[in-house]
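**Q** In numbering that gives the first Met the number 0, the protein residues as written are 0 to 393.
Structure provided below as structure tokens; questions to follow.
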Amino acid sequence: MTTVDLPLLPLGRGVDRASERGVECPGDLPAASDPDLVARALAAKEALGERLFVLGHHYQRDEVIQFADVTGDSFKLARDAAGRPDAEFVVFCGVHFMAESADILTGPEQQVILPDLAAGCSMADMARLPQVEAAWEALAAAGVQDSVVPVTYMNSSADIKAFCGRNGGVVCTSSNADVALEWAFEQKGGLDAGAKVLFFPDQHLGRNTAVLQMGISLDECVVWNPHLPGGGLTVEELREAKMILWKGHCSVHGRFSPKVVDELRATIPDVQILVHPECTHEVVLKADLVGSTEFIIKTIEAAPSGSAWAIGTELNLVQRLANEHPDKRIVFLDKNVCYCSTMNRIDLPHLVWALESLVAGTVVNRIEVDPDTERDALVALQRMLDLPGKSHRD
0 MTTVDLPLLP LGRGVDRASE RGVECPGDLP AASDPDLVAR ALAAKEALGE
50 RLFVLGHHYQ RDEVIQFADV TGDSFKLARD AAGRPDAEFV VFCGVHFMAE
100 SADILTGPEQ QVILPDLAAG CSMADMARLP QVEAAWEALA AAGVQDSVVP
150 VTYMNSSADI KAFCGRNGGV VCTSSNADVA LEWAFEQKGG LDAGAKVLFF
200 PDQHLGRNTA VLQMGISLDE CVVWNPHLPG GGLTVEELRE AKMILWKGHC
250 SVHGRFSPKV VDELRATIPD VQILVHPECT HEVVLKADLV GSTEFIIKTI
300 EAAPSGSAWA IGTELNLVQR LANEHPDKRI VFLDKNVCYC STMNRIDLPH
350 LVWALESLVA GTVVNRIEVD PDTERDALVA LQRMLDLPGK SHRD
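Listed below in structure tokens is the structure:
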């Protein structure tokens with residue numbers, strides 16, 4: 000049996016794998032097949048010099064992240080790319096929507112490259128432009144569209160961001176979603192005036208922000224299912240709602256359950272539960288701390304030596320934090336492997352191929368957003384940049 004044939008296996012060390020937690024697993028990612036790939040990547044980077052800028056998302060494999068000039072989350076990396084106007088080639092080690100955002104925010108003479116075009120995002124794919132446009136028309140038919148402001152999470156395609164730009168909406172990240180929602184409600188006179196938000200594509204971030212940070216009740220949050228007529232909602236439900244949440248989610252963060260939180264508290268003394276707001280509302284309610292990927296990293300960096308943490312986010316990052324902070328007990332929140340499968344499509348062979356192609360004078364896998372989409376998407380992104388008082392890191 001090869002590594003890739005292995006089923007999802009429990010994490011951690013010890014005889015009782017049903018109760019132990021850790022950050023290692025027998026079914027871990029295989030090493031790069033060619034031992035010369037590291038040397039080849041270094042040689043290609045050196046040959047390209049200042050013409051090249053490599054961005055690495057926190058969820059990337061270590062074999063890739065070691066070659067990143069900067070690391071971060073999606074919007075931070077897109078802004079970093081925009082801050083390097085002299086870089087001819089921007090190689091984005093992340094997923095497709097991130098590379099699109101980088102193309103929108105960089106200059107026209109810069110070329111954004113995604114080493115593997117199959118590196119997408121299942122959450123972003125859950126909100127397609129025709130579906131969103133159909134929902135928008137349904138809201139008009141229900142007589143509520145004039146009270147609705149669309150808000151899209153950064154984890155969405157460029158054409159969804161452009162839809163928001165055209166329709167008075169805004170982009171948000173997981174760290175400024177509350178400020179973005181406040182802005183959105185104000186555009187229609189505020190909550191008391193009947194203002195509503197259509198939030199996509201992640202229902203959990205929208206719900207957690209609305210309920211826990213803005214005081215909106217769960218009853219005032221309804222879920223729009225794009226696969227059902229009228230979103231599966233009645234006209235009365237739409238009129239009473241303040242948050243219309245798109246039926247989308249992150250396949251990684253959606254796997255964590257309240258049960259595993261209870262199990263950890265019973266087995267690890269004084270463990271702190273730290274989760275991303277893309278987790279379900281029930282998990283977030285049981286957590287000690289909730290925040291963006293950057294928040295999670297900074298929390299662990301500032302934590303006292305000897306403290307115990309169970310982290311609910313992508314496994315590559317949790318493993319990296321555990322390795323960087325051996326003085327702290329850091330475990331993965333779930334018992335099963337939880338890599339982001341699409342993020343992990345960016346591997347060392349694909350990165351080396353992209354870099355060596357550039358050295359040879361060939362641009363592969365360039366990500367280009369068409370001018371009309373770019374113009375409207377930039378409107379929504381700029382509205383987010385203009386929001387007061389919060390970091391724009393997601």
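Even glycine gets a Cβ: it sits at the ideal position worked out from N, Cα and C.
Buried or exposed: residue 206, going by 16 or more other Cβ atoms within 10 Å of its Cβ?
**A** Answer is buried; the Cβ neighbour count reaches 16.
**Q** Kindly indicate which three-state DSSP category residue 328 falls into: helix, strand or coil?
**A** Residue 328: strand per DSSP, three-state reduction.
**Q** Give me the residue from 261, 291, 85, 350 with the minimum Cα distance to residue 171.
**A** Comparing Cα-Cα distances from residue 171 to each of 261, 291, 85, 350, the minimum goes to 291.
**Q** Pick out the complete alpha helix (DSSP H) segments inside the segment 45 to 130, 4 residues or longer, and give them in chain order.
**A** DSSP runs (the alpha helix (DSSP H)) wholly in the segment 45 to 130: 61 to 64, 73 to 81, 95 to 104, 121 to 124.
**Q** Measure the C-alpha to C-alpha separation of residue 356 and residue 103 and round it to an integer number of angstroms.
**A** Roughly 23 Å between the two C-alpha positions.
**Q** Grab me the residues of residue 83's own chain with a C-beta within less than 7 Å of its C-beta, minus the 5 sequence neighbours each way, in chain order.
**A** Same-chain partners within the cutoff: 52.
**Q** Cα-Cα, which of 117, 373, 202 is closest to residue 151?
**A** The shortest C-alpha separation from residue 151 is found at 202.
**Q** Determine the burial state of residue 50: buried for a count of at least 16 other Cβ atoms within 10 Å of its Cβ, exposed for fewer.
**A** Looking at its Cβ environment, which holds fewer than 16 other Cβ atoms inside 10 Å, residue 50 is exposed.
**Q** Please classify residue 302: does DSSP put it in a helix, a strand, or coil?
**A** If DSSP states are grouped into helix, strand and coil, residue 302 belongs with coil.
**Q** From residue 107 to residue 280, what does the alpha carbon distance come to, in whole angstroms?
**A** Rounded to whole angstroms, residue 107 to residue 280 spans 41 Å at the Cα level.
**Q** Taking only three categories from DSSP, how would you classify residue 242?
**A** It is a strand residue.
**Q** Tell me whether residue 295 sits in a helix, a strand or coil according to DSSP, three-state version.
**A** Three-state DSSP puts residue 295 in a helix.
**Q** What does the Cβ neighbour count give for residue 387, buried or exposed, with the cut at 16 atoms within 10 Å?
**A** That one is exposed.
**Q** Grab me the residues of residue 120's own chain with a C-beta within less than 7 Å of its C-beta, minus the 5 sequence neighbours each way, in chain order.
**A** The answer, listed in chain order, is 94, 95, 96, 154, 341.
**Q** Would you tell me roughly how many angstroms separate the C-alpha atoms of residue 367 and residue 116, rounded to the nearest one?
**A** Distance between the alpha carbons of residue 367 and residue 116 is about 12 Å.
**Q** Determine the direct distance from the alpha carbon of residue 296 to that of residue 38, and round the result to whole angstroms.
**A** Roughly 29 Å separates the two Cα atoms.
**Q** With residue 188 and residue 194 assumed to form a contact (beta carbons below 8 Å), what rounded beta-carbon distance in angstroms separates them?
**A** That belief holds up - the Cβ atoms of residue 188 and residue 194 are roughly 6 Å apart, short of 8 Å.
**Q** Where are the alpha helix (DSSP H) runs, 4 residues long or more, that stay fully inside the segment 208 to 269, in chain order?
**A** Qualifying alpha helix (DSSP H) stretches, in chain order: 234 to 239, 257 to 266.
**Q** Identify which residue in 241, 181, 66, 242 has its Cα closest to the Cα of residue 348.
**A** Of the listed residues, the one whose Cα sits closest to residue 348 is 66.
**Q** Determine whether the beta carbon atoms of residue 269 and residue 209 lie at a separation below 8 Å.
**A** No.
**Q** Just the C-alpha distance for residue 272 and residue 176, rounded to the nearest angstrom, thanks.
**A** Those two C-alpha atoms are separated by around 21 Å.
**Q** Quick one: give me the first and last residue of the alpha helix (DSSP H) that residue 285 is part of.
**A** Segment 280 to 285, the alpha helix (DSSP H) holding residue 285.
**Q** Residues in its own chain within less than 8 Å of residue 253 by CB, not counting five upstream and five downstream?
**A** The residues are 203, 277, 278, 279.
**Q** Less than 6 Å between C-beta atoms, sequence neighbours within five positions excluded: which residues of the same chain meet that for residue 184?
**A** Excluding sequence neighbours, residue 184 sits near 190, 194.
**Q** Please confirm whether any heavy atom of the ligand SAM lies closer than 7 Å to the CB of residue 370.
**A** In the structure on display, the ligand SAM does not appear, and there are no ligands present to speak of.
**Q** So residue 359 is in the alpha helix (DSSP H); what residue range does that whole segment cover?
**A** Careful: residue 359 lies outside any alpha helix (DSSP H) and carries neither H nor E.
**Q** Under DSSP, the beta strand (DSSP E) around residue 307 begins and ends at which residues?
**A** From DSSP, the beta strand (DSSP E) with residue 307 extends over 307 to 311.
**Q** Considering only DSSP beta bridges, list what residue 151 is partnered with.
**A** DSSP, once it has assigned bridges, lists 170, 199 as partnering residue 151.
**Q** Taking all protein chains shown into account, decide if residue 228 is buried (16 or more other Cβ within 10 angstroms of its Cβ) or exposed.
**A** Under this definition residue 228 is an exposed residue.
**Q** Among residues of its own chain, excluding the 5 on either side of residue 101, which ones have a beta-carbon nearer than 8 Å to its beta-carbon?
**A** Taken in chain order, the residues that qualify are 54, 76, 77, 80, 81, 89, 91, 111, 366.
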